[in-house]
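J.:
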DNA sequence: CAATTGATGTAATAACATAACAGTGCCGTT
DNA sequence: AACGGCACTGTTATGTTATTACATCAATTG
Ligand SMILES: [Zn+2]
Ligand SMILES: [Zn+2]
Ligand SMILES: [Zn+2]
Ligand SMILES: [Zn+2]
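Chains as they are written, first to last, in full-length UniProt numbering: chain A, 1 to 132; chain B, 1 to 132.
What follows is the structure in structure tokens.
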């Protein structure tokens with residue numbers, strides 16, 4: 001999935017995410033971009049669909065939110081299974097790659113002849129700073 | 001988290017989930033229970049909250065849906081990290097326990113001094129029957 | 001009994017996501 | 001230039017998921 005030139009709306013949404021220090025919901029992005037002319041949720045969702053397709057953004061399922069990919073170098077070659085730690089305290093999200101987990105999930109899927117299309121791994125809890 | 005006697009609403013919601021062959025959304029459950037007197041989403045969500053707390057039900061984050069736990073024997077002692085395979089074709093959900101993954105995620109979290117509260121692992125794809 | 005606690009009923013609203021349709025700009029072909 | 005195709009955009013309306021707020025009820029307990 002090579003990354004083509006982003007359109008205006010895609011670039012605006014990407015900008016909102018990269019300038020944020022944490023995940024944003026689609027409606028939060030919409031609010032941030034009202035001054036640039038955004039009026040409707042679809043403008044955000046359509047841009048997000050493309051950014052997800054290009055691998056520039058990840059969707060956090062347990063949060064219904066979106067975050068810029070933390071591995072800017074890997075956009076040309078698919079990046080593997082990603083796990084996220086998500087701090088309930090400060091909202092900080094960290095991206096983790098792990099061969100062992102990827103390998104193991106692949107084995108488990110193969111064992112039941114399951115054809116994996118997308119894997120979600122999200123670890124909710126407290127980061128180092130926020131743990132009591 | 002010992003499982004106390006379920007209340008009427010909790011039992012009704014639990015029944016709807018166990019008699020279903022796949023995950024159900026909260027609003028689908030509501031519709032199924034209208035004949036038993038359910039009128040409002042909160043009746044479902046409140047029951048689900050308790051059932052989740054007791055470990056009788058799992059929430060599938062990538063589906064915004066709920067499924068009865070497939071391990072009826074393990075309700076007394078917490079069950080470990082669970083991974084789900086979710087077939088996009090037929091909706092079939094399978095529950096997987098795996099020591100290797102649990103161990104590995106625990107190691108990764110410890111490495112960044114992250115205190116894990118809840119882990120979500122969901123594998124979307126095609127089951128054996130639905131794969132082309 | 002009075003107070004507390006947990007469960008319930010109901011209405012209203014918030015938050016997240018998509019459908020449907022019209023319009024626009026670009027590019028390659030005729 | 002005219003045409004058709006295609007991807008992107010704008011807009012309105014609607015659908016789906018989840019929570020807030022407030023009133024009520026029943027069981028427990030001191
Ligand atoms: Zn990434
Ligand atoms: Zn934190
Ligand atoms: Zn289970
Ligand atoms: Zn299937």
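Just so you know, even glycine gets a beta-carbon here, dropped at the ideal spot from N, CA and C.
#1: Could you give the DSSP three-state label for residue 10/B: helix, strand or coil?
#2: Any heavy atom of ligand 4 inside 6 Å of the beta-carbon of residue 22/B?
#3: Which residue marks the beginning of the alpha helix (DSSP H) containing residue 43/B, and which one marks its end?
#4: Taking a cut of 7 Å between CB atoms, which residues from the region 90-102 of chain B lie near chain A?
#5: Applying the criterion that 16 or more other CB atoms from any shown protein chain within 10 Å of the CB defines a buried residue, is residue 32/A buried or exposed?
#6: At 7 Å on the CB atoms, spell out the chain B contacts of residue 124/A, in chain order.
#7: Apart from the five residues on each side of it in sequence, which residues of its chain come closer than 7 Å, Cβ to Cβ, to residue 24/A?
#8: Leaving out five residues on either side along the sequence, give the residues of the same chain with a beta carbon under 8 Å from the beta carbon of residue 10/A.
#9: Below 8 Å between beta carbons is the criterion; list the residues of the region 48-75 of chain B that meet it against any residue of chain A, in chain order.
#10: Beta-carbon of residue 104/A versus every beta-carbon of chain B: anything under 7 Å?
#11: Would the beta-carbon of residue 120/B fall within 7 Å of that of residue 122/A?
#12: Helix, strand or coil for residue 37/A, going by three-state DSSP, please let me know.
#13: Would residue 115/B and residue 131/A qualify as a contact pair, given that the criterion is a beta-carbon distance under 7 Å?
#14: Which residues in the same chain as residue 109/A place their Cβ atom closer than 7 Å to its Cβ, once the five residues preceding and following it in sequence are excluded?
#15: Need the endpoints of the beta strand (DSSP E) that residue 86/A sits in, please.
#16: In the DSSP assignment, find the beta strand (DSSP E) that holds residue 96/B and state where it starts and stops.
#17: So, at 7 Å on beta carbons, what are the nonlocal neighbours of residue 80/A in its own chain, with the 5 sequence-adjacent residues on each side left out?
#18: Taking 7 Å as the cut-off, decide whether the C-beta atoms of residue 91/B and residue 22/B are in contact.
#19: Distance check for residue 35/B and residue 83/A, CA to CA, integer angstroms please.
#20: Measuring from each Cβ to the nearest heavy atom of ligand 1, keep the ones under 6 Å and list them in chain order.
#21: Is residue 125/B near ligand 4, with its Cβ less than 6 Å from a heavy atom?
#22: Ligand 2 and residue 130/A: does the residue's C-beta get closer than 6 Å to at least one heavy atom of that ligand?
T.: On the basis of the coordinates in this document:
#1: Here residue 10/B refers to the residue found at position 10 when the second chain is read from its first residue. Residue state for residue 10/B is assigned as helix, using DSSP reduced to three classes.
#2: Your numbering for residue 22/B matches position 22 in the second chain. Proximity of the beta carbon of residue 22/B to ligand 4 is not indicated: no heavy atom of the ligand is located closer than 6 Å.
#3: Residue 43/B sits at position 43 when you count from the first residue of the second chain. Unbroken alpha helix (DSSP H) run through residue 43/B: 41-54.
#4: Listed in sequence order: 94, 96, 98, 100, 101.
#5: Numbered from its first residue, the first chain carries residue 32/A at position 32. The residue is buried, with at least 16 neighbouring Cβ atoms inside 10 Å.
#6: On the first chain, residue 124/A is found 124 positions in, with the first residue counted as 1. Residues of chain B passing the Cβ test: 117, 118.
#7: Locating residue 24/A in the first chain gives position 24, counting from the first residue. A distance below 7 Å between beta-carbons, with the five flanking residues on each side excluded, links residue 24/A to the following residues of its chain, in chain order: 16, 17, 65, 66.
#8: Numbered from 1 along the first chain, position 10 holds the residue referred to as residue 10/A. Within its own chain, the residues whose Cβ lies closer than 8 Å to the Cβ of residue 10/A, once the five positions on either side in sequence are excluded, are 47, 50, 51, listed in chain order.
#9: Taking 8 Å as the cut-off between beta carbons, the residues of the region 48-75 of chain B near chain A are 61, 62, in sequence order.
#10: Reading the first chain from its first residue, position 104 is the one you call residue 104/A. Chain B contact via Cβ: present.
#11: By one-based count along the second chain, residue 120/B stands at place 120. By one-based count along the first chain, residue 122/A stands at place 122. Cβ distance < 7 Å, so residue 120/B and residue 122/A count as in contact.
#12: Here the question's residue 37/A lines up with position 37 in the first chain. Residue 37/A falls in the coil class under three-state DSSP.
#13: Translated into the one-based positions of the second chain, residue 115/B becomes position 115. Translated into the one-based positions of the first chain, residue 131/A becomes position 131. Yes. Within cutoff.
#14: Position 109 of the first chain holds residue 109/A. Excluding sequence neighbours, residue 109/A sits near 116.
#15: On the first chain, residue 86/A is found 86 positions in, with the first residue counted as 1. Residues 82-87.
#16: Sequence index remark: in the second chain, residue 96/B carries index 96 (1-based). Unbroken beta strand (DSSP E) run through residue 96/B: 93-97.
#17: Your numbering for residue 80/A matches position 80 in the first chain. 97, 102.
#18: Walking along the second chain from the start, residue 91/B turns up at place 91. Walking along the second chain from the start, residue 22/B turns up at place 22. Taking 7 Å as the Cβ cut-off, residue 91/B and residue 22/B qualify as a contacting pair.
#19: Counting from 1 along the first chain, the entry for residue 83/A is found at position 83. Counting from 1 along the second chain, the entry for residue 35/B is found at position 35. C-alpha separation (whole angstroms): 42 Å.
#20: In chain order, the hits are 58/A, 69/A, 70/A, 71/A, 79/A, 82/A, 95/A.
#21: As a working note, residue 125/B is residue 125 in the second chain. False, no ligand heavy atom lies under 6 Å from that Cβ.
#22: Here residue 130/A is taken as the residue at index 130 of the first chain, counted from 1. Correct: residue 130/A has its Cβ closer than 6 Å to ligand 2.
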